[in-house]
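Working notes, beginning with the structure itself.
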């Protein structure tokens, strides 16, 4: 059986994701297996998943995935490089994934993406120094790297590939493969990108949730229909109508700042992503006016606060990740980072996925976790800490999404026949 891995967040699951799964089927054949490594309760930009990972898993299975695995939290809410490394290593550890597909703004530049990955995976001292110099000048890492690659290669066309968010991830996936176990990759185009901005969709849901307009939910449903497949629209509307089972960053943000670490400068500077002056900047912003951190008349005061703190060197996504890491007590030298992923968490499967899972039981290079109770059997310190953070992240999500905090131990693997 030919198998293809895919890395996703599905936050939320939109028509672009549906098309992506169909393109993989068209390329590899209907009998191929599709294995998705998906973020759990929090995503790469430091924002909470809009819907529970179980709901997102079921949507993925209905739309063409065969097996859905959870990316451990320490990778899911991390830099593009760490996100890619954790997801690629998780997929490779299954022992059954033979190919990797990814979406990019530049599918025709597949070879250029791989060349960039090769350049950056084995980064020379000269290129590394160029990047560091530009960061020291106040540029954000992504912009600094793009400029450094242009100066180093004298190829502006190739360096511009590092300006697009999905292509940046594509380069990181290729880098992670080069450093682990190179397998063939498939570059897929982004379908109807103007309709499928996950950020805009989440913002619209947030606005509808706080709206006092009588027909706000009806209006939202009509607005979501062109962007999300019907089952995904139904899942969002069901959660909103019940008033639980969904979460936006504005709903959770006030509680994040209750963590004592935000009022202890030395402790805050030891938190992951707080280095390079960001910890000082956040500490001062909170210390000077702790009662009005979220004082803003808009429907998105947390977003406004993040953007006030963000700079070219510290983009909004890093600020969000740093705040989340502080609230969860994740330090820069946390034991969770001692090794790569410590287990393979299965969230759901189809009949085809069940066959893949049976192969995995013989081929996998990491313990397979079917239920949260299986975490107790992990004997590696780094893996146990990763599991602890997974449970903590899910409990945090559950608390603010109206679900019981300890329900992770009652979660069942989703199955679609």
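In this note's numbering, the protein residues as written are 307 to 723. Idealized CB from N, CA, C, for every residue including glycine. The model shown is predicted, which means the values in this text are computed figures rather than measured ones.
Task: Span of the beta strand (DSSP E), counted from its first residue to its last, around residue 722 - done: Translated into positions along the chain shown, residue 722 becomes position 416. First-last of the beta strand (DSSP E) with residue 722: 720-722.
Open item on the list: Less than 7 Å between C-beta atoms, sequence neighbours within five positions excluded: which residues of the same chain meet that for residue 370?
Closed with: Start at 1 with the first residue of the chain shown, and residue 370 comes out as number 64. Closer than 7 Å at the Cβ level, and outside the excluded window around residue 370, lie 327, 328, 331, 340.
Task: Buried versus exposed, by CB contacts within 10 Å (16 or more), residue 334 - done: Numbered from 1 along the chain shown, position 28 holds the residue referred to as residue 334. Buried, because 16 or more other Cβ atoms sit within 10 Å of the Cβ of residue 334.
Open item on the list: Taking 6 Å as the limit between beta carbons, can you name the residues of its chain near residue 493, skipping five residues before and five after?
Closed with: Position 187 of the chain shown, counting from 1, holds the residue named residue 493. For residue 493, where only same-chain residues beyond five positions count, the Cβ hits under 6 Å are 410, 413, 416.
Task: Buried or exposed (CB count within 10 angstroms, at least 16 for buried), residue 384 - done: The residue labelled residue 384 in the question sits at position 78 within the chain shown. Looking at its Cβ environment, which holds 16 or more other Cβ atoms inside 10 Å, residue 384 is buried.
TODO: If I'm right that residue 455 touches residue 447 with Cβ under 8 Å, what's the distance once you round it to whole angstroms?
DONE: Against the chain shown, residue 455 aligns to sequence position 149. Against the chain shown, residue 447 aligns to sequence position 141. About 12 Å separates the two Cβ atoms, so there is no contact after all.
Task: Span of the alpha helix (DSSP H) around residue 473 - done: Position 167 of the chain shown, counted from the first residue, corresponds to residue 473. 471-485 is the extent of the alpha helix (DSSP H) around residue 473.
Task: Cβ shell of residue 311 (< 6 Å), same chain only, five flanking positions each side left out - done: By 1-based counting over the chain shown, the position of residue 311 is 5. Cβ neighbours of residue 311 within its own chain (closer than 6 Å, five residues either side excluded): 341, 397, 403, 406.
Open item on the list: What residue range does the beta strand (DSSP E) around residue 344 cover?
Closed with: The residue labelled residue 344 in the question sits at position 38 within the chain shown. Element bounds for residue 344: 339-345.
- [ ] Would you be able to state if there are at least three C-beta pairs under 8 Å between the region 539-554 and the region 629-637?
- [x] no
Task: Three or more C-beta pairs below 8 Å linking the region 514-531 and the region 341-351 - done: no
Task: Coarse secondary structure for residue 489, derived from DSSP in three states - done: For this step, residue 489 is matched to residue 183 along the chain shown. Coil at residue 489, not helix or strand.
- [ ] Using a threshold of 8 Å, state whether the C-beta atoms of residue 475 and residue 408 are closer than that.
- [x] The count along the chain shown starts at 1 and reaches residue 475 at position 169. The count along the chain shown starts at 1 and reaches residue 408 at position 102. Cβ distance < 8 Å, so residue 475 and residue 408 count as in contact.
Open item on the list: Could you compute how far the alpha carbon of residue 509 sits from the alpha carbon of residue 697?
Closed with: Here residue 509 corresponds to residue number 203 of the chain shown, with the count starting at 1. Here residue 697 corresponds to residue number 391 of the chain shown, with the count starting at 1. Approximately 27 Å between the Cα atoms of the pair.
- [ ] Using the DSSP secondary-structure output, state which residues sit across from residue 405 in a beta bridge.
- [x] Position 99 of the chain shown, counted from the start, is the residue given in the question as residue 405. According to DSSP, residue 405 bridges with 310.
- [ ] Please go through the same chain and pick out, in chain order, the residues whose beta-carbon is closer than 7 Å to the beta-carbon of residue 616, but skip the five residues on each side of it.
- [x] For this step, residue 616 is matched to residue 310 along the chain shown. Cβ within range, chain order: 622, 625.
- [ ] Could you give the DSSP three-state label for residue 530: helix, strand or coil?
- [x] Taking the first residue of the chain shown as 1, we reach residue 530 at position 224. The answer is helix: DSSP assigns residue 530 an H, G or I state.
Open item on the list: Less than 7 Å between C-beta atoms, sequence neighbours within five positions excluded: which residues of the same chain meet that for residue 560?
Closed with: Working through the chain shown from its first residue, we reach residue 560 at position 254. Closer than 7 Å at Cβ, skipping near neighbours: 600.
TODO: Please name the residue in 380, 353, 316 whose C-alpha comes closest to that of residue 367.
DONE: Numbered from 1 along the chain shown, position 61 holds the residue referred to as residue 367. Of the candidates 380, 353, 316, the one whose C-alpha sits nearest the C-alpha of residue 367 is 316.
Task: From 388, 451, 438, 445, residue whose alpha carbon lies closest to that of residue 425 - done: Locating residue 425 in the chain shown gives position 119, counting from the first residue. Per the Cα distances, 451.
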